[in-house]
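Asks:
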Amino acid sequence: MAAKRVSSLLLSRSFTSSLASRLTGGKSACQARAISRYSTAAALEEPIKPPVNVEYTKLLINGQFVDAASGKTFPTLDPRTGEVIAHVAEGDAEDVNRAVAAARKAFDEGPWPRLTAYDRQRILLRFADLVEKHNDEIAALETWDNGKPYEQAAKIEVPMFVRLMRYYAGWADKIHGMTVPADGPYHVQTLHEPIGVAGQIIPWNFPLLMYAWKVGPALACGNTVVLKTAEQTPLSALYVTKLLHEAGLPSGVLNVVSGFGPTAGAALCSHMDVDKLAFTGSTETGKIILELSARSNLKPVTLELGGKSPFIVCEDADVDNAVELAHFALFFNQGQCCCAGSRTYVHERVYDEFVEKATARALKRSVGDPFRQEIEQGPQVDSEQFEKILRYIRAGVDSGATLETGGDRLGEKGYYIKPTVFSNVQDDMPIAKEEIFGPVQSILKFKDLDEVIRRANSSRYGLAAGVFTQNLDTANTLMRALRAGTVWINCFDTFDAAIPFGGYKMSGQGREKGEYSLKNYLQVKAVVTPLKNPAWL
Amino acid sequence: MAAVCNGKLEDSFMVPEIKFTKLFINGDFVDSVSGETYETIDPRSGEPTARIAEGDKEDVDLAVKAAREAFDNGPWPRFPGAGRRRLMMRFADLIDENVEEIAALEALDAGKLFHWLKAVDIPVVAETLRYYAGAADKIHGETLKMTRELQGYTLREPIGVVGIIIPWNYPSNLLFLKVGPALAAGCTVVIKPAEQTPLTALYFAHLAKKAGIPDGVFNVVPGYGHTAGAAISSHMEIDKVTFTGSTEVGRLVMEAAARSNLKPVSLELGGKNPFIVFDDADVGTAANLVLQGSLFNKGEVCVASSRIFVQEGIYEEFSNQLVEKAKTWIVGDPFDPRSNQGPQVDKKQYDKILSYIEIGKAEGATLLTGGKPCGDRGYYIEPTVFSNVEDDMRIAKEEIFGPVISLMKFKTVEEAIRRANATEYGLAAGILTNDLNIANTVSRSIRAGVIWINCYRAFDIDCPYGGYKMSGFGRDFGMQALDQYLQVKSVVTPLYSSPWL
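Protein sequences, first through last, are from chains A and B.
If you read the first sequence in the working numbering, its first letter stands for residue 54, the second for the next number, and so on.
If you read the second sequence in the working numbering, its first letter stands for residue 9, the second for the next number, and so on.
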C-alpha cells in the first residue's frame, strides 16, 4: 500500500542525447533562417500530417503483441494539438507478471544467454540494419508522439540509436573477467555472468535513445528484459522491438509493457523475479524506485535522474560562440534534457553583452510544427509539463528575476512555449534550484573562479556541467572542481556511444554507455581452486 | 660574454668510501673470471676513483646460470605477490636509510649534483620500488569470451631471466625503472650497469641481499657494452632484454637478440626533443622551463629539450631572457649545493659535445653564449645557446647529450608541428601555451611518447614513458611497464551444459 502511495510519483522522463550539435549546435543553428520567429504563432497553422501509420499499439510479451489483461487502453496524444494519436494497451501489474514470467523463462531455459556471444552480436547487428532501413518512419513516430523536431529525430537520434546498437553488439564477445593473483597456492578467476531479468523504465524525452542505452548493454551481456516505456511516448519502442524480433531475437527476451508509473512501473520495481532495475527519469521517482527495490528483493538499481547543470562562461569567452553554445545547451529538445545547461553562469566582464545576445538568440529561435523543416523547437511533451513550465516562469518573475524575453505560451493550441530568458537570476530562486525541464534559460553573474565553483557545486544535483573557455589552466581547474558526471569543455550534449554518462549526488547512480555500462548488467563470480606445486604465483 | 664558469671546481668536498667493486653473482661479490679490472673515473678531475671487476662473457654466463636457477627452481617466482612485495618494501626502506651514501657514490661516479640526488633522485628510486612492490599482487589476466563451449582464460606469467642494460646518465633511476617491474612480475635479473657508473648498482646489490632478496634473483655484472653487454644480448638463456641508451647501440642489442634466441627486446633510446613555445606563453616562465629542460643533468638526458621552437612574436625576447638566465646558471663541483651543473660524465662525452659546438658554429648558427670548456680540469662545459638554428643543421638533427640549446623560429601551429615531427626520434616533447585548442591539437599531432604541456621533464612513477619511431619501443614506468616482463598464456578447457556463454 505504501508502495502505491509513493509510486504515484512514478512519472518517467528525462535525458538528452546524441551528436546534436551536428544539426542544432554551433553555427548551423545560428544560420538557420528564422522561418518562424516565435512571435508569429506557428502553432496556429494546420498541423502537418505525419508520414507514418501507427501499426503497433499492444503490449509485446513473449514475442507476441497482446492486449492488456484488463483489456484497458490509454490514449497517447499529439503534443502539437493535444489530440489522440492512438489508443495503446495499458499494462498493469498482471501484464508485468506475464512479461517477467516470459523473460524469466527466456533467461532460465531459453537460448538467449546460451547463444554464443557472436550470435547475440549478429542479432543486434541485424536489428541495427533494420532500424537504419526504417529510419524515417521511426523518426516520424518519435516526433509525432514526443513533439521533437523531425530533423533531429531523423538525422541524429535514429542514426545514433543504430550506432549504439552496433556499439553494444561489438561488446558482446569482449566481456572479460579476470584471472586474479592469490596470496597462496590457488588459481582464481572471475566470471562476468549476465545478471538475469532486467527491468528497465525509460522516459519520454528521448524514447529511442533511452531504449538503446538500456536495452543495448542488457542484451549484449545475455540478459532478458522487461521494458516499461513512458505513457506519453509508447509508440517507437513497440515499432523497433517488432524489428528486433524480425532480426532473430528469441521470444521472451525483450518484452515491452506500455503503461503508467504507479501501476506498471511500480509492479516492475517491486517484482521478486526481476534481478536488476534501471531507470531514467526524475529524482523523486528515482527515490521511489530505489525504495521499492529495497522493500522487495534488493535488486540492484541504476538511476539516471535529474539535473540542474551549470554552464560556465568564463572571462575570456568569445561571447557570440558562448551565447550559441549556451543557447543550445539549454533549449535543445525543447529544454527537455536532464543534462540541460539550466544555470548559465556568466563572468561579469562579459555578462551584459551575453544577456543581450542570448536574448536576441532566443528571439530568433524558430518554434513550430516539428514536422516542418528547419524548425528548432516543437511543443512540450504534454499538458502537465507545459503547465509546470509556465508555473516556473511565473515563479521566476515573482522572485524578482528579469524576464528578458518569452515567458508565455505560443499560440492557442498544443503545448508550445516561447523561448524564455531570465537574467539577474539569484542562486536561491526556484528557477535556479529546481529542474524546469523546459525552454527557460536562467542567467547568473559571477566574479571569480572560486566563487563560480562554489555556486555551481551548491546543488543537490551533479549530472553535467559546461565550461566555456580557451584558457587551459581555467579548463583544468574547472574540470576537476565540478562535481558532475560529465564536464563538457567548449561543447555540450556531446554523446558518443563510448562516453559514459551518469550522475554525482542526487542525479543518480551508475553509468550508462561505454564499457562502464556493461557493469550494470553483469554479475561477478569468483572461482577458486587450489594449485599443486605451481611453477609461479 | 660573461663568464659562466662561476662555480667552485675543486673537488674539496667529501668523497665516499667505495665498498663494493666486484661483480655480484648469486648473492656474492666475486672477482671476474679473467681477474681483469678497469678504472672508473671521477669526472671532476679525470682521475680514477676505484678499480672495478670487469665482467665479460664468462661472468655473464655465471650470472645467467644463477638467475636461471633462481627463476626455474628458486622461491622468487613462487612467492605470492605479497611475498615479493614484502621483500621489495624492505629493499626500498634500506635505500632510504642509506640515501646519503648512495647519492654520494652516484655524484662521484656520474658528476651528478649530490644534493639533488639526495633530495630527489635516490628517494624516487625507493618510491619506484614501492610502487612496483604494490603492483606485485595486482597482476591480472582475463577470463575470455570464447565463441564455442569453451572456458578460456589468460595467465600473465613472469617472462623469466631478464637482461637489463642501463646507461650512465641516471644510473640508479633507470636501473629501478626496470628492476622494479621485473621483480614484481617474478622475474630474475642480470644487470649490466654502464662502465662509467658501476658504483651504485653494486651498492644496491648489497642492499638487495640485506633485504632478503633470494640469491640469484639480482645479479650485477659491470663491464663494457661490446663484451658483457653483447654477451647478455646474445645469450640463449636470457628470456628478455631491456635496454636504455643510444639508438646506435639499441640497434646492436636488437640485432644480437634476433641472431640468438629471438628474445623480446624493449628499447628506450635517443631523442631530439622539440620544445614548442607559442606566442601567448609567459616569456620568463618559458625561459626557465627551457633552461631546466635543456641543461638539467648537464644536458645528459634522453628527454632533454634540444630543439627549441619559438614563435616569431616572442622569439627575440625569449632568446634574450634565456641567455641572461643561462649566464646565471652555475657550473661547478657537483658536491657544492650552489651548483646547477656538474661535469660531463667522461672525456669521450666531453669531446663529443665540444665538437658539436664547433659544428654548430661552422654550420652558421649564432652562438649567443657559452661554447667553451669551464676550467682546465675535469669535464665541465659552459651552458651554450645557439640561435638561428636551421632544421637541416647537424646540431638540430643529432643528439648532442650536453648543455647545448638550439633555438629555432616558427610562424604557425602547422609549421611547428611539421618541423617538430621531422625527426627520426620521437621520445618527448614540450608545449608551452595556455590556449586549450593549441594544446589539444599539438599534443595529439606530435609523434612522441611523452608530451609535457606547460611543464617539462615531469616524470611520474605512474606515468608511462618511452619512445615513438627510432626512440625505441616498450614503456617504462606505470603499470604498462609490467607488460615488458610478463608472458601471456591462454588456457582453454571444454565446457558442458553451461547456462550461459
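Cβ coordinates follow ideal geometry from the N, Cα and C atoms, glycine included.
1) Does V291 of chain B pass the burial test, meaning 16 or more other C-beta atoms within 10 Å, or should it be called exposed?
2) Just the chain A side, please: which residues come within less than 7 Å of F87 of chain B by C-beta, in chain order?
3) Spatial neighbours of K369 of chain B within its chain, please: C-beta separation below 8 Å, excluding the five flanking residues on both sides.
4) Would the C-beta of L590 of chain A count as close to the ligand MG, meaning under 7 Å from any of its heavy atoms?
5) Between L299 of chain B and the rest of its own chain, which residues show a CB-CB distance below 6 Å, the 5 nearest in sequence each way excluded?
6) Could you please give me the residues that DSSP links to G394 of chain A through a beta bridge?
7) Note down, in chain order, all residues in the segment 162–195 of chain B with a beta-carbon under 8 Å from any beta-carbon belonging to chain A.
8) Between C83 of chain A and the rest of its own chain, which residues show a CB-CB distance below 7 Å, the 5 nearest in sequence each way excluded?
9) Does the segment 299–316 of chain B come close enough to the segment 263–283 of chain B to have 3 or more Cβ pairs within less than 8 Å?
10) Look up N308 of chain A in the DSSP assignment and give the residues it is bridged to.
11) Along the chain, where does the alpha helix (DSSP H) that runs through K417 of chain A open and close?
12) Considering just the uninterrupted stretch of the alpha helix (DSSP H) at I461 of chain B, what are its terminal residues?
13) With DSSP collapsed to three states, give me the class of K477 of chain B.
14) Looking at the structure shown, is S495 of chain A part of a helix, part of a strand, or coil, going by DSSP?
15) Looking at the structure shown, is F521 of chain A part of a helix, part of a strand, or coil, going by DSSP?
16) If we cut at 8 Å on Cβ distances, does P83 of chain B have a partner in chain A?
17) Is there a C-beta anywhere in chain A that falls below 8 Å from the one on P222 of chain B?
18) Cβ of E150 of chain B less than 8 Å from any chain A Cβ?
19) Our contact map puts G491 of chain A next to Q389 of chain A with C-beta atoms below 8 Å; I'd like the distance itself, whole angstroms only.
20) To the nearest angstrom, how far is it from the Cα of E204 of chain A to the Cα of C544 of chain A?
21) Between I147 of chain B and chain A, is the shortest Cβ-Cβ distance under 8 Å, so that the two count as touching?
22) Cβ atoms of S505 of chain B and L277 of chain B: under 8 Å apart, would you say?
23) Bridge partners of M97 of chain B, per DSSP?
24) Could you check what DSSP says for E99 of chain A in three-state terms: helix, strand or coil?
25) Would you list, in chain order, the members of the segment 221–240 of chain A that have their beta-carbon closer than 9 Å to a beta-carbon of chain B?
26) Can you tell me the Cα-Cα spacing of K126 of chain B and P342 of chain B, whole angstroms?
27) Taking C-alpha atoms, which residue in B:D287, B:W124, B:T252, B:G168 lies nearest to A74 of chain B?
28) Take T110 of chain A and list the residues in its own chain whose beta-carbon comes closer than 6 Å to its own, dropping the five residues that flank it on each side.
29) DSSP state of H140 of chain A, grouped into three classes?
30) Starting from K340 of chain A and walking both ways along the beta strand (DSSP E), at which residues does that stretch end?
31) Residues in the segment 260–274 of chain B with C-beta within 9 Å of chain A's C-beta atoms, listed in sequence order?
32) Strictly below 8 Å CB to CB, what residues from chain A border L444 of chain B?
33) Quick test of your reading: S40 of chain B and D67 of chain B, contact by CB under 8 Å. State the CB separation rounded to the nearest angstrom.
34) Could I get the ranges of all uninterrupted alpha helix (DSSP H) runs contained in the segment 54–101 of chain B, with 4 residues as the minimum, in chain order?
35) Compare the Cα-Cα distances from E165 of chain B to each of B:R426, B:I199, B:C195 and report the closest residue.
36) In chain order, which continuous runs of the alpha helix (DSSP H) of length 4 or greater are located wholly inside the segment 398–469 of chain B?
Replies: From the atom records:
1) buried
2) L590
3) L375, G379
4) For the structure depicted, the ligand MG is absent and the ligand set is empty, with no information on it obtainable.
5) K333
6) A:S362
7) T162, L163, R164, E165, P166, G194
8) Residue placement at C83 of chain A is poorly supported in this model, since its pLDDT is 35, which falls under 50; the coordinates are not used for a value here.
9) yes
10) A:V279
11) 401–417
12) Unbroken run through I461 of chain B is the beta strand (DSSP E), 458–461; no alpha helix (DSSP H).
13) helix
14) strand
15) strand
16) no
17) no
18) yes
19) 7 Å
20) 21 Å
21) yes
22) no
23) None; M97 of chain B has no bridge partner.
24) coil
25) A225, D226, K227, I228, H229, G230, M231, T232, V233, P234, A235, D236, G237, P238, H240
26) 12 Å
27) B:G168
28) A139, V141
29) strand
30) No beta strand (DSSP E) holds K340 of chain A; the alpha helix (DSSP H) holding it covers 336–348.
31) none
32) T522, Q523, N524, L525, A528, I542, N543
33) 5 Å
34) 65–80
35) B:C195
36) 402–405, 421–429, 444–453
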